[in-house]
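Counting in the working numbering, the sequence shown runs from 283 upward without gaps. To start, the structure under review is shown below, and the notes come after it.
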Amino acid sequence: MFDGDFDELLYPELTLETDDMVMDLTIKKDYSDIEDIHERKKEFIGDLILFIKEFNETPESLEFFKYYDD
Numbered sequence: 283m284f285d286g287d288f289d290e291l292l293y294p295e296l297t298l299e300t301d302d303m304v305m306d307l308t309i310k311k312d313y314s315d316i317e318d319i320h321e322r323k324k325e326f327i328g329d330l331i332l333f334i335k336e337f338n339e340t341p342e343s344l345e346f347f348k349y350y351d352d
């Protein structure tokens with residue numbers, strides 16, 4: 283487990299890829315305080331779902347989908 287200051291490190295990065303999409307994520311939240319790996323994963327997935335829901339409510343999400351109008 284990391285004993286130093288999380289802010290001193292580079293943020294971990296994750297690339298998610300499906301047949302239709304590639305998403306590069308930079309993870310700013312420190313999940314190291316969650317000892318159980320399954321609980322840590324559950325917390326991350328919950329945060330990812332909230333991230334997508336929040337994006338869905340932004341004007342930027344509509345702007346993105348207007349790309350397909352042309």
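Idealized CB from N, CA, C, for every residue including glycine.
Which class does residue i belong to by DSSP, given the choice of helix, strand or coil?
i: D351; result: helix
i: E295; result: strand
i: D318; result: coil
i: D301; result: coil
i: D329; result: helix
Spatial neighbours of residue i within its chain, please: CB distance less than 6 Å, with the 5 preceding and 5 following residues excluded, ordered by chain position.
i: R322; result: Y313, I316
i: D306; result: T297
Below 8 Å on the Cβ atoms is my contact criterion, and I expect residue i with residue j to pass it. Report the Cβ-Cβ distance as a whole number of Å.
i: T308; j: E325; result: Wrong, their Cβ atoms sit about 17 Å apart, outside the cutoff.
To the nearest angstrom, report how far apart residue i and residue j are at their CA atoms.
i: Y293; j: K311; result: 9 Å
i: K348; j: L330; result: 24 Å
i: G328; j: F337; result: 14 Å
i: I263; j: I319; result: Since the first and last residues shown for the chain are 283 and 352, residue 263 lies out of range.
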